[in-house]
Amino acid sequence: MSSLSISPLYAGLIGLLYIYLSFRVIGRRRGAKISVGDGNDQDLLKRIRVHGNLAEYAPMGLLLLAMAELQGAPGGVIHALGVMLLAGRLIHAYGLASSPQIMRFRQLGMVLTFLMLTLTSLANIGHALF
């Protein structure tokens, strides 16, 4: 059985992105004096969604990445998939957080994320079955 030596790098980098996006939400909450909910503050609502979107997609990507690494996928493949997930989440967050939103960045970020999720899902299924 292989060990995890590459996917923790991407987990750590995405963890730092998560913290950064969390502080953006906290900073806006403090500035707008809103402790719960969004208070109908559109900037806070956008920051909450940027943060939430990362929280919705990153865990599954990291789990699939770690499983692929544990199953012995080549290091270069793990790095490519990790970069795809990280870049997808960064690009999407930037596009969504921008005012006005940059739709092509949001779309590119989702394409990269879904491509990574699809490839790692298929690789994990393939390895489990064959």
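Everything in the sequence shown is counted per our numbering, starting at 312 for the first residue and increasing by one. C-beta atoms are modelled at their ideal positions from N, C-alpha and C, and glycine is treated no differently.
- Rounded to whole angstroms, the gap between the alpha carbons of L328 and A404 is 10 Å.
- About 13 Å separates the beta carbons of G393 and L374, which is beyond the 8 Å limit, so they are not a contact pair.
- Remark: C-beta atoms of F416 and I402 approach each other more closely than 7 Å.
- Under the three-state reduction of DSSP output, A384 falls in the coil class, being neither helix nor strand.
- Here A439 is exposed. Its C-beta has fewer than 16 other C-beta atoms within 10 Å.
- R341 counts as exposed, since fewer than 16 other beta carbons sit within 10 angstroms of its beta carbon.
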